[in-house]
Amino acid sequence: MKAKKIITNSIVHIILAILGFIWVLPLFITVLTSFRKESGQYKTYIFPKEYTLDNYINLFSDSGSLNYSKWFMNTLIVSICCCIVSTLFVLCVAYTMSRLRFKMRKPMMNISLIIGMFPAFMSMIAVYYILKGIGLLETGQLKLVALGMVYSGGAGAAFFIAKGFFDTIPKALDEAAFLDGASNWDVFTKISLPLTKPIVVYTLMTSFMAPWIDFVFARVILGNDRTYYTVAVGLFTMLEQEFVEYYYTRFFAGAVIISIPISILFLFTQKYYAESMAGAVKG
Amino acid sequence: MALKKQNSHSIAVKNKNSFTKAFVQGNVKTKLSALVFGLGNILNKQIIHGLLLLAVEVVYIIYMVNTGIQSIVNFITLGTKTKVEVYNEAKQIYEYVMGDNSMLCLLYGVVTIFITLGFLFMLSTSVRSAYASQLRKEKMLHQPTFIEELRTLKHQRLHVTLLSLPTMGIIIFTIVPLVFMILVAFTNYDNTHQAPANLFDWVGLANFKTILTSGSAMSKTFWPVLGWTLIWAVCATASNFMLGIILALLINRKATRAKGFWRFIFVLSIAVPQFVSLLTMRTMLNTNGAFNVILRSLGFSGIPFLTDPAIAKVAVIIVNIWVGVPYTLLISSGILKSIPENMYEAAKLDGANPVKIFFKITMPYMLFVMTPYLITQFAGNINNFNVIYLLTSGGPKTVDYHYAGKTDLLVTWLYSLTVTNSDYNMGAVIGIIVFIILAFVSLVTYRHSVSYKDEETFQ
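Here the protein sequences come in this chain order: A and B. Each residue of the first sequence is one higher than the one before, starting from 1 at the first, in the numbering used here. Each residue of the second sequence is one higher than the one before, starting from 284 at the first, in the numbering used here.
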């Protein structure tokens, strides 16, 4: 009996080890390639012949047409603005839908469900022309503003996870506050928000990460001016036909650099992520 | 305090009345408020309130006279003049006279319609608030001043305060573009009808006919792509769900050591941006990539992971397991712990083996709890752009299809039709079809799920 247990145990651990190896392999190769000295895309070997830090150094010292540090700053600014606005929007809508009762509540919730069923970038072209119509695509800086607006403008529709969280706060707390003469606004800012810190952190983090990851909307809106690219679009340019042979290893260095902060943020918010998803599952 | 309560009560009167009731039962002043906004309020001493309503009406009328009416006309015709060459006598040269731009006609038309809807809403507000002030007058109640009304934005009407900006954002960046694209599905806005050189026009349901029934290249692409999209969505969702739960079970077993370490290893792949990990995968799976290098060095011949249609389809599903399983692991770990221990013990006493326990107890329980999550996953997979676009870009390309490859999903096909090909009308039709599929699937599954049928028992 004991021997059988040891055998099953070791089999499980071996399976986990193999799976773990498979899961880490692509990440490992990403890091490995970023330190490779030889340029070029395809090699007949896996481990680099020579290791170097040049890919990382060049990334920041090169201020030519592929200016990584500029892209990095662009993305940072866009994502900070975007994360503040989106979080405000999401929290306002989520609290309203969870706690306040008014005539349009059900219809509005249904509309946001329906909107979510259309492919997100079906309307991308129309958004592009609307931004052009407002005059936000005139200069590079304005394009970045426009990009931030696109990321955060419709954010309010994605309130379901946050609403689930607000729903879990006992109503008795609100009622006690009302007895003391508090208004709905006081309850929202002084009672509900402090109690929903996990979801505030979660919303902040996810909306902060969006501009670092998105390459579809950003590519359509930012057009051809490489100075005002975000990191994701910029890295994509490095893989274009004319650049790929020379920039291939540098692409991976750039990818590793943005992956590090995102991984840290993610591991930090992982707990909140699981919690809020569990909330969504329970409905 | 008592006065404040009375105020809030007198304001609350307004919200309870519908437009028709207010209009039918209101007096002349109230009825006239539909024509001159705010009239009822002004005559009942709510001057600022009334003037603001009046200002909205004035701005709308100025807008309509200046551009609005023309926009509506253009919306119906979608432009009549094309760009023409005109000989300029004075300068002795040919000049281009700009014609109409159908795309802008459509866009401004949609915007004007939304502005008019807003105007109609204000009309209703005007009549209702005039009626409310009429009622207050009849009942000899205090008419709230403007400042008092503003104060209600913090309590009775907090939803107005909190929702106005987000709703504006959603209307401008989501709803207006969406309505625009839905309308495009009923026009011939393709790459031969590009603004500003050419006009496009309404064509009714012709695009739907082309894509669904005719024997054209379009419909010969659509049905196979739709079929693959559904197969993909089912396989991707099911495989992620099953394997994710098995993995979670393996990690959460009592005897497994270093649980935190294993979870960290698998969750790490979520933390890396998808375009990085998937592009790495693509190079690894390429004809000259790492996997084939290993295979060749072991003496095998290389495998065309991404260039053979059948193998590419299997490859994207397997890579999607790599992408998706960590999410299931993350979410199901907590739920697995909530399965009552005595159910397992009872099964063990009855002599059930682990496989049987998994299929008879664990899976049904998880299915029950996670149905809503599975539906969102299914919808997400139908719209899964990243995995396909980054791995194969829809390839391997084929001449049988209209600008699509063998692994293209409806969304990636939509992307190449609109962004690279400018066939906006067809892209819009596909978007609408995707919507119909998702709406149908969510409706049916919600209705058949246990949680919907037995909703009462849990409340």
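Virtual Cβ for every residue (Gly too), placed ideally from N, Cα, C. Note that this is a predicted model, so its numbers are computed, not measured.
Please tell me whether K437(B) has its Cβ less than 8 Å away from any Cβ of chain A. yes
For a quick check, are the C-beta atoms of T450(B) and G156(A) less than 8 Å apart? Contact: yes.
Count the other CB atoms, across all protein chains shown, that sit within 10 Å of the CB of P609(B); report buried if there are 16 or more and exposed otherwise. buried
Same chain, Cβ closer than 8 Å to E50(A), five either side skipped, listed in chain order: R36, K37, E38
What I want to know is whether the C-beta of T303(B) ends up closer than 7 Å to one or more non-hydrogen atoms of the ligand COA. The ligand COA is absent from the structure shown, which contains no ligands of any kind.
Three-state secondary structure (DSSP) of V342(B): helix
Among S34(A), N67(A), A3(A), which has the Cα closest to the Cα of A255(A)? S34(A)
Within 8 Å (strictly less), CB to CB, does L293(A) reach chain B? What the structure shows of chain A is the stretch from 1 to 283, and residue 293(A) is not part of that stretch, so it cannot be assessed.
Mind the definition here: the region 374-392 of chain B touches the region 494-505 of chain B only if three or more C-beta pairs lie below 8 Å; say whether that holds. When C-beta atoms of the region 374-392 of chain B are compared with those of the region 494-505 of chain B, fewer than three pairs fall below 8 Å, so the two segments do not count as touching.
Among L195(A), G153(A), K103(A), G148(A), nearest to K171(A) - alpha-carbon criterion: L195(A)
Along the chain, where does the alpha helix (DSSP H) containing N603(B) start, and where does it finish? Taken as a continuous stretch (DSSP letters only), the alpha helix (DSSP H) holding N603(B) covers 592-620.
Check the Cβ-Cβ distances between M238(A) and every residue of chain B, and say whether any is below 8 Å. no
Nearest-angstrom beta carbon gap, F89(A) and L747(B) [assumed within contact, 8 Å]: Outside the displayed range of chain B (284 to 742) lies residue 747(B), so it cannot be described from this structure.
Got a sec: which bits of the region 127-155 of chain A sit with their beta carbon under 8 Å from any beta carbon on chain B, in order along the chain? Cβ contacts with chain B come from V127, Y129, I130, G133, M149, V150, S152, G153, G154, A155.
Within chain B, partners of L16(A) - CB distance below 8 Å: L533, I534, T539, W545
Neighbouring residues, chain B, relative to C92(A) (Cβ below 8 Å): L445, L446, L448, P449
Cβ of I453(B) less than 8 Å from any chain A Cβ? yes
Of the residues L657(B), Y656(B), E628(B), T659(B), the one placed nearest I644(B), counting alpha carbons only: E628(B)
Proximity to I213(A) [Cα-Cα], best of N310(B), F558(B), L562(B): F558(B)
With 16 other CB atoms within 10 Å as the buried threshold, where does P107(A) fall? Burial call: exposed.
Whole-Å CB distance - A521(B) paired with G607(B), under 8 Å assumed: Incorrect: roughly 11 Å between the Cβ atoms, too far for contact.
V367(B) - partner residues in DSSP beta bridges: V380(B)
Using beta carbons (cut-off 8 Å, strictly below), is W511(B) in contact with chain A? no
How would you label N327(B), buried or exposed, when you count the other beta carbons within 10 angstroms and need 16 or more for buried? buried
Does any residue of chain B have a CB that is nearer than 8 Å to the CB of Q270(A)? yes
If the cut is a Cβ gap below 8 Å, which residues of chain A does Q426(B) touch? In chain order: nothing, as chain A lies at least about 22 Å away.
For T36(A), which residues does DSSP report across the bridge? A small fix is needed here, since residue 36(A) is Arg in this sequence, not Thr. In the DSSP output, where bridge partners are listed per residue, R36(A) has Y51(A).
Nearest candidate by alpha-carbon position, reference E421(B), set D706(B), F306(B), N310(B): Looking from the CA of E421(B), the closest CA among D706(B), F306(B), N310(B) belongs to N310(B).
Taking Cβ positions, are V231(A) and I258(A) nearer each other than 8 Å? yes
Tell me the rounded alpha-carbon separation between I465(B) and N569(B). 38 Å
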